[in-house]
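Notes for the one structure printed next.
Residue numbers (this note's numbering), protein chains in the order written: chain V, 1 to 291; chain E, 292 to 582.
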């Protein structure tokens with residue numbers, strides 16, 4: 001890039017699947033440079049960056065975001081516990097506002113870009129029902145829950161969409177030596193993660209041999225615009241999960257810096273972002289190309 | 292509503308298909324009241340409203356928006372000449388900023404909500420190609436162009452999507468008494484509106500008998516997130532065209548008022564709006580429901 005001074009300096013905290021994908025997205029961005037990769041037990045005071053992508057486990061997000069926001073450093077996370085998003089936003093908003101920084105929270109694909117689509121569809125047809133159908137794809141939460149069951153050596157839980165937001169769970173397990181399949185199966189089916197969905201437990205020799213980061217969404221809304229019914233909308237995607245999450249976080253890092261520069265401090269979810277702020281380039285070029 | 296003082300007072304200028312649909316959307320909105328319906332030859336000084344929806348022909352938008360913005364009144368239009376959107380924004384932005392008002396321009400479904408989807412998909416997969424496939428549905432511009440041909444009494448031009456942004460034009464015409472079909476057909480095929488697309492001209496007894504405001508979009512992107520190719524996205528809708536346009540304008544009227552109250556004056560396209568601002572309700576309720 002010709003003008004390095006205008007580059008956004010983006011650091012990564014946590015270097016798993018999403019951290020690695022985020023690194024690739026930073027390197028591919030014309031207006032960013034990598035300001036370092038840090039591990040979650042590194043000293044946060046060492047981080048010198050405009051914005052830090054929190055690619056750590058979701059439960060560690062608030063702790064790290066709070067420390068960085070207090071230093072005036074923007075953060076982006078993909079916090080994905082739907083029921084706790086508002087609380088996270090409230091807690092971080094106060095720290096960000098006091099320290100003139102911006103935290104963009106729950107910036108992945110769901111919550112994240114799917115949330116923006118849901119909001120837009122509600123604006124287009126305010127009455128109606130939106131169904132978000134996930135998969136086929138691996139559910140990290142359900143895989144971890146299955147692996148925690150006694151007798152399970154390794155597990156992969158696939159989410160299969162059955163429509164209208166109903167999902168089947170296909171749970172592939174490697175048994176511990178001497179474990180009884182029927183006992184393990186019963187324990188999985190009784191677990192709160194699985195008890196409410198149609199669940200199939202399948203013993204396999206190697207869970208690793210099934211591993212695949214492909215995922216998908218089918219998001220549908222039938223609704224009413226004004227007094228006109230039968231307005232139908234559908235959003236589909238089939239994607240590499242960590243690659244999309246990393247990319248969305250990197251695009252949100254750009255929005256965080258733009259908002260910080262405009263004095264729009266605080267914690268924001270993606271439905272509070274302007275789509276144009278996610279993109280590199282001038283307003284004129286983007287409006288001419290996309291509107 | 293319990294508190295009438297907090298209602299957004301929305302007026303309609305122009306009362307064709309879109310004006311009527313906008314009226315229904317205003318009446319259905321929990322936070323709005325209709326502040327009057329005005330015809331394009333009424334005196335604009337009589338309009339007393341927080342925001343005016345410009346449901347006039349697209350070429351009259353700038354004139355009306357300029358007068359209203361100068362009085363500090365917000366406007367929303369669905370200006371749809373893609374190549375002139377940036378100029379309209381530039382011209383209105385100066386008037387709005389000087390008079391502390393907000394004009395949301397090109398707020399329909401394309402340009403409009405489709406533009407927001409295109410921007411979001413580019414943020415999710417920055418490299419790649421987006422194709423917007425329109426229809427099947429009536430093209431107003433092409434219908435008017437066909438009707439202007441000598442010997443044509445009435446015309447309906449349907450846009451048929453062939454994929455990758457290529458479209459077929461199905462032009463249904465009622466001939467004037469004594470007009471020669473072959474001559475008329477040749478004139479239509481030679482017209483600049485039709486010369487670049489596969490076009491079929493079909494004589495019918497009654498164009499009115501074919502009329503239908505259904506329309507649709509199939510918007511697809513295959514792109515690259517970071518360094519990961521084959522990220523696939525698709526947005527589909529089948530809708531009543533004026534009903535959706537009117538609804539989107541009404542949702543944007545809400546955003547205009549919110550932005551005006553925050554001092555974010557100027558002219559904006561939809562990719563410059565936060566999705567949350569399009570929706571009624573509190574931030575907390577919307578974030579809990581949609582994110």
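Cβ coordinates follow ideal geometry from the N, Cα and C atoms, glycine included. Computed from a predicted structure; not experimentally measured.
What is the rounded straight-line gap between the Cα of residue i and the Cα of residue j?
{"i": "residue 189(V)", "j": "residue 525(E)", "result": "35 Å"}
{"i": "residue 317(E)", "j": "residue 298(E)", "result": "11 Å"}
{"i": "residue 542(E)", "j": "residue 124(V)", "result": "8 Å"}
{"i": "residue 434(E)", "j": "residue 348(E)", "result": "15 Å"}
{"i": "residue 209(V)", "j": "residue 200(V)", "result": "19 Å"}
{"i": "residue 279(V)", "j": "residue 529(E)", "result": "28 Å"}
{"i": "residue 155(V)", "j": "residue 248(V)", "result": "28 Å"}
{"i": "residue 305(E)", "j": "residue 346(E)", "result": "5 Å"}
{"i": "residue 16(V)", "j": "residue 537(E)", "result": "46 Å"}
{"i": "residue 493(E)", "j": "residue 83(V)", "result": "57 Å"}
{"i": "residue 132(V)", "j": "residue 332(E)", "result": "46 Å"}
{"i": "residue 518(E)", "j": "residue 236(V)", "result": "21 Å"}
{"i": "residue 292(V)", "j": "residue 109(V)", "result": "Residue coverage of chain V in this structure runs from 1 to 291, which leaves residue 292(V) outside it and unanswerable."}
{"i": "residue 406(E)", "j": "residue 383(E)", "result": "20 Å"}
{"i": "residue 554(E)", "j": "residue 489(E)", "result": "48 Å"}
Residues of chain E with a CB under 8 Å from the CB of residue i: which are they?
{"i": "residue 246(V)", "result": "516, 517"}
{"i": "residue 271(V)", "result": "565, 566, 567, 577, 578, 581, 582"}
{"i": "residue 62(V)", "result": "Neighbours of residue 62(V) on chain E: none; closest Cβ ~16 Å, over 8 Å."}
{"i": "residue 89(V)", "result": "578"}
{"i": "residue 28(V)", "result": "417, 418, 515, 517, 518"}
{"i": "residue 251(V)", "result": "414, 415, 417"}
Beta carbon of residue i, beta carbon of residue j: below 7 Å?
{"i": "residue 105(V)", "j": "residue 79(V)", "result": "yes"}
{"i": "residue 137(V)", "j": "residue 159(V)", "result": "yes"}
{"i": "residue 300(E)", "j": "residue 326(E)", "result": "yes"}
{"i": "residue 222(V)", "j": "residue 232(V)", "result": "yes"}
{"i": "residue 426(E)", "j": "residue 507(E)", "result": "yes"}
{"i": "residue 53(V)", "j": "residue 85(V)", "result": "no"}
{"i": "residue 257(V)", "j": "residue 51(V)", "result": "yes"}
{"i": "residue 448(E)", "j": "residue 462(E)", "result": "yes"}
{"i": "residue 550(E)", "j": "residue 393(E)", "result": "yes"}
{"i": "residue 410(E)", "j": "residue 442(E)", "result": "no"}
{"i": "residue 117(V)", "j": "residue 219(V)", "result": "yes"}
Could you check if residue i is buried or exposed, using at least 16 other CB atoms within 10 Å of its CB as the buried criterion?
{"i": "residue 354(E)", "result": "exposed"}
{"i": "residue 581(E)", "result": "buried"}
{"i": "residue 195(V)", "result": "exposed"}
{"i": "residue 181(V)", "result": "exposed"}
{"i": "residue 418(E)", "result": "exposed"}
{"i": "residue 43(V)", "result": "exposed"}
{"i": "residue 321(E)", "result": "exposed"}
{"i": "residue 586(E)", "result": "The requested residue 586(E) does not occur in the structure, where chain E is confined to residues 292 to 582."}
{"i": "residue 564(E)", "result": "buried"}
{"i": "residue 277(V)", "result": "buried"}
{"i": "residue 387(E)", "result": "buried"}
{"i": "residue 385(E)", "result": "exposed"}
{"i": "residue 421(E)", "result": "buried"}
{"i": "residue 497(E)", "result": "exposed"}
{"i": "residue 467(E)", "result": "exposed"}
{"i": "residue 23(V)", "result": "buried"}
Strictly below 7 Å CB to CB, what residues from chain E border residue i?
{"i": "residue 86(V)", "result": "575, 578, 579"}
{"i": "residue 32(V)", "result": "Ordered by position in chain E, no residue passes the 7 Å Cβ test against residue 32(V), which lies about 11 Å from the chain."}
{"i": "residue 279(V)", "result": "410, 413, 414"}
{"i": "residue 116(V)", "result": "411, 566"}
{"i": "residue 106(V)", "result": "582"}
{"i": "residue 133(V)", "result": "By Cβ distance, chain E contributes nothing, its closest Cβ being about 14 Å from residue 133(V), past 7 Å."}
{"i": "residue 211(V)", "result": "Ordered by position in chain E, no residue passes the 7 Å Cβ test against residue 211(V), which lies about 16 Å from the chain."}
{"i": "residue 17(V)", "result": "Result: empty, since nearest Cβ-Cβ is about 11 Å, beyond 7 Å."}
{"i": "residue 378(V)", "result": "Lying outside 1 to 291, the shown extent of chain V, residue 378(V) is not represented and no answer is given."}
Check the C-beta distance from residue i over to residue j and give it rounded, since I have them as a contact under 8 Å.
{"i": "residue 174(V)", "j": "residue 204(V)", "result": "6 Å"}
{"i": "residue 556(E)", "j": "residue 444(E)", "result": "The Cβ separation is near 48 Å, so there is no contact."}
{"i": "residue 459(E)", "j": "residue 453(E)", "result": "6 Å"}
{"i": "residue 312(E)", "j": "residue 533(E)", "result": "4 Å"}
{"i": "residue 73(V)", "j": "residue 578(E)", "result": "In fact, because the Cβ distance is near 23 Å, the residues do not count as touching under 8 Å."}
{"i": "residue 240(V)", "j": "residue 214(V)", "result": "6 Å"}
{"i": "residue 77(V)", "j": "residue 69(V)", "result": "About 11 Å separates the two Cβ atoms, so there is no contact after all."}
{"i": "residue 440(E)", "j": "residue 389(E)", "result": "Contact doesn't hold; Cβ gap of about 44 Å is too wide."}
{"i": "residue 89(V)", "j": "residue 269(V)", "result": "6 Å"}
Could you name the residues of chain E that residue i contacts, counting a contact when the two beta carbons are closer than 9 Å?
{"i": "residue 239(V)", "result": "415, 416, 516, 519, 521, 522, 523, 524"}
{"i": "residue 21(V)", "result": "516, 517, 518, 519"}
{"i": "residue 41(V)", "result": "Within 9 Å Cβ-Cβ: nothing; residue 41(V) doesn't reach chain E, min ~25 Å."}
Along chain V, which residues have their Cβ under 8 Å away from the Cβ of residue i?
{"i": "residue 402(E)", "result": "291"}
List the residues of chain V that residue i touches, going by C-beta distances under 7 Å, in chain order.
{"i": "residue 316(E)", "result": "225, 226"}
{"i": "residue 550(E)", "result": "Neighbours of residue 550(E) on chain V: none; closest Cβ ~10 Å, over 7 Å."}
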